[in-house]
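For reference, the structure discussed in these notes is given below.
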Amino acid sequence: TEVFVGHQVLRISMANEAQVEKMRELETMDHLQLDFWASPSHPERPVDVRVPFTSLQAVKVFLEQNNIQYFILIKDLQRLVDDEKAQMVRQRSR
Amino acid sequence: ALSVETFNYATYHTLNEIYDFMDLLVAERPNLVSKIEIGYSTEGLPLNVLKFSTGGPNRPAIWIDTGIHSREWVTQATGVWFAKKIISDYGKDESLTAILDKMDIFLEIITNPDGFVFTHTQNRMWRKTRSINAGSSCRGVDPNRNWDAGFGGLGSSRNPCSETYHGPHANSEPEVKAIVDFVKQHGNIKAFISIHSYSQLLLYPYGYTKTPVPDQKELDSIATAAVTALSSLYGTSYRYGSIITTIYQASGGTIDWTYNQGIKYSFTFELRDAGRYGFMLPANQIIPTAQETWKALMVIMEHARDHPY
Numbered sequence: 325t326e327v328f329v330g331h332q333v334l335r336i337s338m339a340n341e342a343q344v345e346k347m348r349e350l351e352t353m354d355h356l357q358l359d360f361w362a363s364p365s366h367p368e369r370p371v372d373v374r375v376p377f378t379s380l381q382a383v384k385v386f387l388e389q390n391n392i393q394y395f396i397l398i399k400d401l402q403r404l405v406d407d408e409k410a411q412m413v414r415q416r417s418r
Numbered sequence: 016a017l018s019v020e021t022f023n024y025a026t027y028h029t030l031n032e033i034y035d036f037m038d039l040l041v042a043e044r045p046n047l048v049s050k051i052e053i054g055y056s057t058e059g060l061p062l063n064v065l066k067f068s069t070g071g072p073n074r075p076a077i078w079i080d081t082g083i084h085s086r087e088w089v090t091q092a093t094g095v096w097f098a099k100k101i102i103s104d105y106g107k108d109e110s111l112t113a114i115l116d117k118m119d120i121f122l123e124i125i126t127n128p129d130g131f132v133f134t135h136t137q138n139r140m141w142r143k144t145r146s147i148n149a150g151s152s153c154r155g156v157d158p159n160r161n162w163d164a165g166f167g168g169l170g171s172s173r174n175p176c177s178e179t180y181h182g183p184h185a186n187s188e189p190e191v192k193a194i195v196d197f198v199k200q201h202g203n204i205k206a207f208i209s210i211h212s213y214s215q216l217l218l219y220p221y222g223y224t225k226t227p228v229p230d231q232k233e234l235d236s237i238a239t240a241a242v243t244a245l246s247s248l249y250g251t252s253y254r255y256g257s258i259i260t261t262i263y264q265a266s267g268g269t270i271d272w273t274y275n276q277g278i279k280y281s282f283t284f285e286l287r288d289a290g291r292y293g294f295m296l297p298a299n300q301i302i303p304t305a306q307e308t309w310k311a312l313m314v315i316m317e318h319a320r321d322h323p324y
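Chains as they are written, first to last, in the working numbering: chain A, 325 to 418; chain B, 16 to 324.
What follows is the structure, given as C-alpha cells:
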C-alpha cells in the first residue's frame, strides 16, 4: 500500500500569466514526482499540488524564487488518509 | 445494509458495498429500477448501470455518470445518494415524476471500478484506469482524455506516466468503450451529465477547441439557472462556461464526444471543494454536496424534458 507520510498539498496562487507559465514549467519536472490535483490554467484559478516529502524543499524554493504565493492546504496527507480510513471502519461497525 | 433506508449515505463505501447497494435498490423497487451490465473493466469488474424507468421502449433518456476519476470519492458517494433520491422522490416530487413519466434515467455510479478498488486498497491518490501500457512501467489512462473528440490534442499527455495520459488510441479503455457502445446503441440519449470533483464548476463543451458550440447560448442559460439553484441551498459558489474558457484546453474529453454525437445537453460538474481538503473531502460533506448538486441536476433534467429535440 502506497503511503503518503510527509506529503503536503500546496495551494498555489499565481498573480499573472508569467507565473502560470512558471507553474507549467514546474509541472514538467518529472523528477520531483509532483501530483497536480488542479493544473495551472488562469491566474485567478489556484493550483493544488501534492508534493512528496523529498521534493518539498525544492518546490518551495522554486515558488519563493519566482515570487509565487502558496499555502499548505494539507500538512500531512497520510494523516488525512488514516482519518478517512478510521472513519469508514467506525461507520461500518456501527 | 439491510435496506436502502438503513444504508449509510454519510460515509464512503467500498466497491462491493456500493454494488450490493445497487442490488438492494433493484430488489426493493423492481418496477422502477433495473441493473444493466454494459461491459467489463480492464481487470474484469462489471460496469453496472442503474436504469430508472417507468416503462416504454427506447424512451428519450438522461445519462449520469459519477467517478470516472477514481480518487474523487465524493463523486461516487453523491451518485449513491442520487439513486436513493430518485426512488424516494418518484411519485412524490411532481417534477421528477414528470421526468420519469417521459424519460429514462441511466446512472453509472462507479464508472472506473478498477481505479476505485485501487484507491481503497493500494493508492488513495489513484485517478486513472488500471490498464497496462505497453513499453512503460506506468499504468493507467486518463479516461477523460480517451474519447474520440480531438483525441491526442493539446491538454492531454502522450506520456503513460502522466495523470492526463490519453491512451494508445481513442476508446482504448473498456470503461470508455462500454459507454460509447451503449450511447450509440441506445440512440435516444438527450442529456449526458458526467460528474467529477473538485473545484466547483459546471462546464459544457468544448474542451478541445476554442470554437464555441452552436448551442452555446442555450447551454449557458441552462448553466446559469443550474448554478443559481445549486447555490441557493448552502451558498456554494460555482463558475460555469465552456471547458476551454473556464479551466483549460483538454482534448479527448467525455462531453465533447457526447455533444458531437448529437447529445445537445452535455454537461460536466466539478463538485464541492471545502477549500481545505481538495478531493479528500470529509465524509460529513457528502450529503450537502449531493443535495446541492441534485438541485442543479434537476434544472438540467427539467430542461431536457421540456425541450425535446
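Where is the CB? At the ideal position from N, CA and C, for every residue including glycine. All of these numbers come straight from a predicted model, not from anything done at the bench.
Paired residues, beta bridge with HIS322/B - DSSP:
Translated into the one-based positions of the second sequence, residue 322/B becomes position 307. Answer is none; HIS322/B lacks a bridge partner.
With 8 angstroms set as the bound, which would you pick, yes or no: does the beta-carbon of PHE131/B sit closer than that to a beta-carbon of chain A?
Here residue 131/B corresponds to residue number 116 of the second sequence, with the count starting at 1. False, the Cβ-Cβ gap to chain A never drops below 8 angstroms.
GLY59/B to VAL132/B span [Cα, whole Å]
The residue labelled residue 59/B in the question sits at position 44 within the second sequence. The residue labelled residue 132/B in the question sits at position 117 within the second sequence. A straight-line Cα-Cα distance of about 12 angstroms links GLY59/B and VAL132/B.
Give me the subset of the region 355-367 of chain A whose CB atoms are less than 9 angstroms from a CB atom of chain B, sorted by chain position.
If the cut-off is 9 angstroms between Cβ atoms, the region 355-367 of chain A has ASP359, PHE360, TRP361, ALA362, SER363, PRO364, SER365 and HIS366 near chain B.
VAL64/B (DSSP reduced to helix, strand or coil):
Working through the second sequence from its first residue, we reach residue 64/B at position 49. VAL64/B: strand per DSSP, three-state reduction.
Let me make sure I understand the geometry here. Which of GLU87/B, GLY182/B and ALA16/B has the alpha-carbon closest to that of TRP141/B?
Within the second sequence, numbered from 1, the residue matching residue 141/B stands at position 126. Taking each of GLU87/B, GLY182/B and ALA16/B in turn and checking the Cα distance to TRP141/B, the smallest one comes out for GLU87/B.
First and last residue of the alpha helix (DSSP H) that includes TYR105/B?
Counting from 1 along the second sequence, the entry for residue 105/B is found at position 90. Run containing TYR105/B: none; DSSP gives neither H nor E here.
Going along chain A, which residues have a C-beta under 7 angstroms from ASN23/B?
The residue given as residue 23/B occupies position 8 in the second sequence. Think of a sphere of 7 angstroms around the beta carbon of ASN23/B: the chain A residues whose beta carbon falls inside it are GLN415, in chain order.
Within chain A, partners of GLY293/B - CB distance below 9 angstroms:
Numbered from 1 along the second sequence, position 278 holds the residue referred to as residue 293/B. Within chain A, the residues near GLY293/B are VAL333, ARG335, TRP361, ALA362, ASP372, ARG374, LEU397 and ILE398.
Please identify, using Cβ separations under 7 angstroms, the residues of the region 213-236 of chain B that lie next to chain A, in order along the chain.
Per Cβ criterion, the list reads SER214.
Does the contact criterion of 3 or more C-beta pairs under 8 angstroms hold for the region 154-169 of chain B versus the region 36-45 of chain B?
no
N- and C-terminal bounds of the alpha helix (DSSP H) containing ASP407/A:
Counting from one through the first sequence, the residue named residue 407/A turns up at place 83. It spans 401-417 - the alpha helix (DSSP H) in which ASP407/A sits, taken as one unbroken run.
Output yes if chain A places a C-beta closer than 8 angstroms to the C-beta of ARG139/B; else output no.
Reading the second sequence from its first residue, position 124 is the one you call residue 139/B. Yes, contact with chain A.
Could you give the uninterrupted runs of the beta strand (DSSP E) lying entirely in the region 112-184 of chain B, keeping only those of 3 residues or more?
119-123
To the nearest angstrom, report how far apart LEU334/A and GLY202/B are at their CA atoms.
One-based indexing of the first sequence puts residue 334/A at position 10. One-based indexing of the second sequence puts residue 202/B at position 187. Rounded to the nearest angstrom, the two C-alpha atoms are 44 angstroms apart.
Closer than 8 angstroms, CB to CB, is THR26/B near chain A or not?
What you label residue 26/B is simply residue 11 of the second sequence in a count that begins at 1. Yes, because at least one Cβ of chain A sits closer than 8 angstroms to the Cβ of THR26/B.
Give me the chain B residues within the contact set of MET412/A, using Cβ-Cβ distance strictly less than 7 angstroms, ordered along the chain.
For the purposes of this step, residue 412/A is identified with residue 88 of the first sequence, where counting begins at 1. Going along chain B in sequence order, the residues near MET412/A (Cβ under 7 angstroms) are THR26 and TYR27.
Contact criterion: CB-CB distance below 8 angstroms. Does GLU317/B meet it with respect to chain D?
Looking for chain D here will not work: the only protein chains present are A and B.
Beta-carbon proximity list for THR126/B, same chain, < 7 angstroms, skipping 5 on both sides:
On the second sequence, residue 126/B is found 111 positions in, with the first residue counted as 1. So the qualifying residues of the chain are ASP80, THR81, GLY82, ILE83 and GLU190.
Between the region 96-114 of chain B and the region 147-165 of chain B, can you find at least three pairs of beta-carbon atoms closer than 8 angstroms?
no
Which term fits SER417/A, buried or exposed, when burial requires 16 or more other beta carbons within 10 angstroms of its beta carbon?
Within the first sequence, numbered from 1, the residue matching residue 417/A stands at position 93. With fewer than 16 Cβ atoms within 10 Å of its Cβ, SER417/A is classed as exposed.
Do you know offhand how far ASN23/B's Cα is from TRP96/B's?
In the second sequence, counting from the first residue as 1, residue 23/B sits at position 8. In the second sequence, counting from the first residue as 1, residue 96/B sits at position 81. Those two C-alpha atoms are separated by around 10 angstroms.
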